[in-house]
Structure formats: structure tokens, C-alpha cells
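What follows is a single structure, written as C-alpha cells, with notes after it.
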Amino acid sequence: MIISFILIFWSLVQLFPLYWMLTFSLKENAEIFGDNVIGLPHKWLWSNYTTALQSGNMFKYLMNSAIVTGATIVITVIAATAATYALTRMVWKGRKTATSVFMLGITIPINAVILPVFLILSKLDITNSYWALIIPYSAFALSMAIMISASFMQGIPRELEEAACLDGCNIYGIFWNVILPLMRPALATLSIFIFLQAWNELMYAVIFISESKYRTITVGIQELSGSFTTDWGPIGAALVVATFPVLLIYAFFSQRIQGSLVAGAVKG
Amino acid sequence: MLFLLRCTAKAVHRGGSGISHLAFRGEEHHMDKTMKNKTAIILFLLPACILFIGIIIIPIFMSGYYSLLEWDGITASTFVGFDNYIEMFTKKSIGFPGAVKNAFLFAGLSVFIQLPISLGLALALAKGIRGEKIFTAIFFIPVIISTTVIGQLWLKIYNPTYGIVNMALRAVGLDSMATTWLGEEKTALIAVFIPILWQYVGYHMLLMYTGIKSQSTELREAAMIDGANEWQIARHLTIPLLKPVLTVCVIFSITGSLKVFDLIYVLTNGGPAHASEVPATIMIKQLFGRNNYGVGSAIAMFIVFICFFFAILIKKTFRTEVDE
Chain A
417 MIISFILIFW SLVQLFPLYW MLTFSLKENA EIFGDNVIGL PHKWLWSNYT TALQSGNMFK
477 YLMNSAIVTG ATIVITVIAA TAATYALTRM VWKGRKTATS VFMLGITIPI NAVILPVFLI
537 LSKLDITNSY WALIIPYSAF ALSMAIMISA SFMQGIPREL EEAACLDGCN IYGIFWNVIL
597 PLMRPALATL SIFIFLQAWN ELMYAVIFIS ESKYRTITVG IQELSGSFTT DWGPIGAALV
657 VATFPVLLIY AFFSQRIQGS LVAGAVKG
Chain B
536 MLFLLRCTAK AVHRGGSGIS HLAFRGEEHH MDKTMKNKTA IILFLLPACI LFIGIIIIPI
596 FMSGYYSLLE WDGITASTFV GFDNYIEMFT KKSIGFPGAV KNAFLFAGLS VFIQLPISLG
656 LALALAKGIR GEKIFTAIFF IPVIISTTVI GQLWLKIYNP TYGIVNMALR AVGLDSMATT
716 WLGEEKTALI AVFIPILWQY VGYHMLLMYT GIKSQSTELR EAAMIDGANE WQIARHLTIP
776 LLKPVLTVCV IFSITGSLKV FDLIYVLTNG GPAHASEVPA TIMIKQLFGR NNYGVGSAIA
836 MFIVFICFFF AILIKKTFRT EVDE
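Protein sequence lines correspond, in order, to chains A and B. For what it's worth, my numbering labels the leading residue of the first sequence as 417, then goes sequentially. For what it's worth, my numbering labels the leading residue of the second sequence as 536, then goes sequentially.
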């Protein structure tokens, strides 16, 4: 009894701010500011969403975030699974050392390298482009991605590779046709993990992108809340719009998402 | 040896002749060769190495080097040794010691307030209550939402005139307690900590919950039969067995607090008057606000070292306790 009460109470603590965000995204100021603070909207103001998407440029920023996140996922998944294959299945001197160097990356705080990375990307003349974010995000997700795929790849029986080898597959064929298809569940976990990191990142997105053409959703929200300070509805709408893709994915993969974030932590 | 024998025996049996036995060994050899293919190893590692070395390893060393320079990124740099490290602790206008103090305060609050809440929730959930999955899913929602969104949302929650905190206080007649939560030096720090706690309680809860679920229930059942109550079981059985997970949680809370940035940047950006400053916000201001690359890099190195230091320290402390 008491336990259920505590759990329900804490659920309300966690959900209420989000509920409030959702409702004020559909209200006009008069309601938010006093007439109807916590109830459902009297007048459902969907125009807040059109305002946010159009004059707040949210649509553009959403697309930018999708491009950056999508490319980061593709690059990281390819780089991490290929490297993991060499690190866990192939035979060469120094692979243990190489593995521990990659694992070191998990503990390094990404904000500690922001200046050198900025200078390197400026030198390559790719700040203010999608690459300015895709490259660092891929690098930062790499260590964790290698760890997650390594723990999965170790469970694949050797016999499968041997069989493929007998059938005359070369090493690339084994990786592409045998290992990767078997990794499918892990690839989903990996992609979700990378998605959350790249989609939600703020510090690099603020510093590396000054042109609004390439701005991602997190920076877009910052900008929008600066320009709509007195008009809460569109800000709420922007917050909901930014959160919606994440929640949608969560609705479908909640178990897997929880699993991937826990796996990452316990091994690290 | 036995395994080898069995293997060859199997091969002989399968092929029914000595020839297939030979063929089998030849294939083994072929497999070894495939796995030692140097070109393939290099090709597989190449993309990851380029990213990792170019964006993490080299930059770490660059940061270390820059931290020894007096440099604004435009004019020529001069080598000043460890002056930047001294400057960041002694120069009042940077406000670094206060930021470190705040980060440690966050770390302490996380360990002594956030983690116990998470542990309580995890213990409650792991009892096998109805709707277990739904509760875990709900508690975890804030974890996956962007810190920027959470920060903006809490800016509204704390809004002095229209935020729900002050509205609620006024509604129950506590008008005098309503204040500019993020704008007062006295309240800013605590006001910034609450959203951090709110966002990550679910994360630690899930780690602990998964840990408890992976423990065998037999001991707990045995203790129950012997008449131990729930509190005793949790205290003497479940929690001690959870130590490896708790270690991870403590490490994450502490290193997370030491490198926190996003939420503070959104909520106060360190203000008012440096009251809620943390190392990362000062680092960004020094680097990109004042082009003070030397001091900024010194702070970056400080964050790296202190995170490593605490991660190792906590692992060591917990390990010896387990051994005893």
C-alpha cells in the first residue's frame, strides 16, 4: 500500500512538469498566466505549433538535427562494428592495448577537448557545416559503441565464421554477410544510444555552429525562447516538438533503450 | 588435448576416412590465416582510429599543451609553464574556486540525496509490484529528454511571476516565500540542482533496479522464512550485494557533477554574480568569451584529471571494502 503510494507520488513528480509543458504549449498567455494554470486548455491553440515551426524556424532545425543525428548513427555504427570485429575476433599483436585505449574514451569528458576540436575543424574549414557536429559526435559515441558491440559480438559462435570460411567467404564477406546480420539487435541498441547522445547535445552545437542554416534543434530552442520571451505558447510548442521524436522512439523501444543505457553503465 | 582428440575423432567419424581428417586440419589453418589478414585488420580499424585519434587523443594532448601557454588564438603564444593553473585558482575575477566548490556541492547532494531516492524507488519496484514496467518506463522518461528542453521547462517552472512554483506558493498563502529562484544568489544553486535531481533519479533507479533483479531471490526468500523483515533484508542482503552497481552510480553522480554544463548553461549560465558557476561554464567563458585559451585549457585539463581521479578513487575504496 505505502509502496504503491510512494511510486505513484514519484510518477506524478516526474510526469507533472511534462504534463504542464504539454498543456501550456496549447494555451494562450491569459490561460497560462492565471486563468487556467494547470488544467487542460479551454481553447486548444494549435497555432502555437505553426508559429514555432514556421516563424521559430523549428522545422528547419528539426531537419538539421535529423541529418546530423542520422549521419552520426551511420558513421559510428560502421566504424564501431568494424573496429570491434578487428578487436575481438581477429588475431594480432597489441589488440588488448588497443581495446583499453578505446575504452579510455568512455571516461574522458567531451567538454575537455572542445577548443582543440574547434581549432582542428576550423583549420579544415568545416565549422558551420553539418560535418562540424557529425565528426565530433561520431568520435564521442565511438568508445561506448565499441563496448556495446564487443559484449554482443563475443556471444557469436566461432563455428559460424569457420563455416563461412569453408564456403570460401573472405574476411570482408564474413564480416558483412555473417557477423553484421547476426548483430542486428545490437545495431538497434547502438543506434538508439547514439541517437540520444547526438539529438540532445548542446555545448558543441552552440559553439561550432553560428549560421542558423545549420543550427540544430537544441540551439534552436535556446534561440526561440530568447525571441519569444513573453509568448509562452510557441516556446512550449517548440519544446514538445523537440521532445516528440525522442518520446516516439521511446514508446516503441523503451525496454531496449533502458537496456542500452544500463549496459553502457555497468560495463563502464 | 581431450577436446582436440574428440574433434579429430568427430571429423574422422563424419568423413569416415583419414583424408577428411587432413582436410579438416587444412581448413583450420585457412581460418587462422583469414583471421590474421593484416590488410583487413588495418581496414577494419581505420575509420575508428581516424576519428578516435583525430578528435580525442590528439586534442587531449593539444589541451594539455595549450594549458601551458599564454595565448588568445590570434597573436603569438608564449610558454608560461604552470602559471595558468596558478592563475585560475588565485585570480578572483575568474571565480574558479567557487565553481569547484559548487561542483563538489552538487556531487555531495547527488550522492546523499539523489542516490538514496533512487535506491528507495529501486527497492520498492524490485519487490515485484503491479505495473513494475510502467513505473520504470515513467521514471526513465526525463533521462532521455534533452537537457536543453528540461532546462527551458524549468526556466518556466521557476518564472518569478507566472511559474508554477511561485503560483503554488501564492495559492496557499505563502506569498513571502515566492522569490526569483534563479536570480537570487542564495537560491540559485539549489534551484539549479533540483532539475538535475529530477532528471537523473530515474537513471540511477534503473541501474539499481536492474542490479537487484539480477540477484538470485533464493537468499532473500530464505531470510524471509527465517523471519527477517523487509528492512533487514534490504540492509543486510540486497544492498551489500548491490555494491558493484552502487559504485558505478556513485562514480556517475560525482563525475557527472564535476563536468555538468548543459542544464546550468540554460538555467543561469553561472549567474547571478557567479553564484551557480561550475568548472565547465567558466571554461567556456574563458575559451570563447574572453579568448583566454591558456586558462580555459587549464580548466579543461582540471576537469579531465579530477574525473579520472575520482573514478579511480571510488573504485579503489569500494573494492577494499568488499575484500574485507
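Think of the CB as a built atom: it goes at the ideal place given N, C-alpha and C, for glycine as much as any other residue.
- At a cut-off of 9 Å between beta-carbon atoms, B/MET818 makes contact with chain A.
- In this structure, B/PRO730 keeps its C-beta atom at 9 Å or more from the C-beta atom of B/LEU640.
- Taking a beta-carbon distance threshold of 9 Å, A/THR466 does not count as an interface residue toward chain B.
- For the options B/VAL801, B/LEU586 and B/TYR744, the alpha carbon positioned closest to that of B/THR671 is the one of B/TYR744.
- Taken through DSSP and simplified to helix, strand or coil, B/LEU709 comes out as coil.
- Residue contact check for B/PRO775 against chain A: no CB pair falls below 9 Å.
- Taking B/TYR828 as the centre and dropping the five residues before and after it, the same chain places the C-beta of TYR601, TRP606 and GLY608 closer than 6 Å to its C-beta, in chain order.
- Residues of chain A whose Cβ lies closer than 7 Å to the Cβ of B/MET597 are, in chain order, PRO532.
- The secondary-structure analysis by DSSP pairs B/PHE614 across a beta bridge with B/LEU604.
- At a cut-off of 9 Å between C-beta atoms, A/TYR588 counts as an interface residue with respect to chain B.
- Taking 9 Å as the CB threshold, B/ALA583 lines the interface with chain A.
- Between the segment 518 to 536 of chain A and the segment 595 to 602 of chain A there are fewer than three C-beta pairs closer than 8 Å, too few to call the two in contact.
- Judged by DSSP in its simplified three-state form, B/ALA815 adopts helix.
- The continuous stretches of alpha helix (DSSP H) do not include A/MET599, and DSSP gives it neither H nor E.
- The Cβ atoms of A/ILE633 and A/TYR477 sit closer than 9 Å to each other.
- Using beta-carbon distances, A/PHE475 does not count as an interface residue toward chain B, since no partner is under 9 Å.
- The segment 813 to 824 of chain B and the segment 527 to 545 of chain A touch, with three or more beta-carbon pairs separated by less than 8 Å.
- Any Cβ of chain B closer than 9 Å to the Cβ of A/MET560 would place that residue at the interface, and such an atom is absent.
- Proximity of the segment 668 to 684 of chain B to the segment 607 to 620 of chain A meets the contact definition, three or more beta-carbon pairs being nearer than 8 Å.
- Across the segment 710 to 723 of chain B, no CB contact with chain A closer than 8 Å is found for any residue.
- The beta-carbon of B/GLY806 is placed no less than 9 Å from the nearest beta-carbon of chain A.
- For A/MET417, there is no enclosing alpha helix (DSSP H), as DSSP marks it with neither H nor E.
- For the pair B/ILE585 and A/HIS458, the Cα-to-Cα distance works out to about 56 Å.
- Within the segment 813 to 842 of chain B, the residues whose Cβ lies closer than 8 Å to some Cβ of chain A are ALA815, MET818, ILE819, LEU822, PHE823, TYR828, GLY831, SER832, ALA835, MET836, ILE838, VAL839 and CYS842, listed in chain order.
- Against A/TYR620, chain B offers no close residue; the least beta-carbon distance is about 11 Å (beta-carbon pairs closer than 7 Å).
- Counting only residues of its own chain and dropping the five nearest sequence neighbours on each side, A/TYR546 has a CB closer than 8 Å to the CB of ASN480, ILE483, VAL484, ALA487 and TYR630.
- DSSP places B/LYS662 outside both helix and strand once states are collapsed to three, so it counts as coil.
- The C-beta separation of A/PHE611 from A/ILE494 comes to about 15 Å, leaving the pair out of contact by the 8 Å criterion.
- Within chain B, the residues ILE664 have their CB atoms less than 7 Å from the CB of A/SER420, given in chain order.
- With contacts defined as CB atoms closer than 9 Å, B/MET623 and B/ALA833 qualify as a contacting pair.
- Below the 8 Å Cβ cutoff, chain B contributes no neighbours of A/ARG672, its closest Cβ being approximately 12 Å away.
- The Cβ atoms of A/TYR501 and A/ILE595 lie closer than 9 Å to each other.
- Shortest Cα-Cα distance from B/LYS636 to any of B/PHE617, B/VAL813, B/GLN687 and B/ASP710 involves B/VAL813.
- Of the candidates B/GLU753, B/TRP689 and B/VAL707, the residue whose Cα lies closest to the Cα of A/GLN430 is B/TRP689.
- For a Cβ distance threshold of 7 Å, nothing in chain A lies close to B/ASN701: the least Cβ distance comes to about 11 Å.
- In this structure, DSSP gives A/ILE562 a helical state, which the three-state scheme calls helix.
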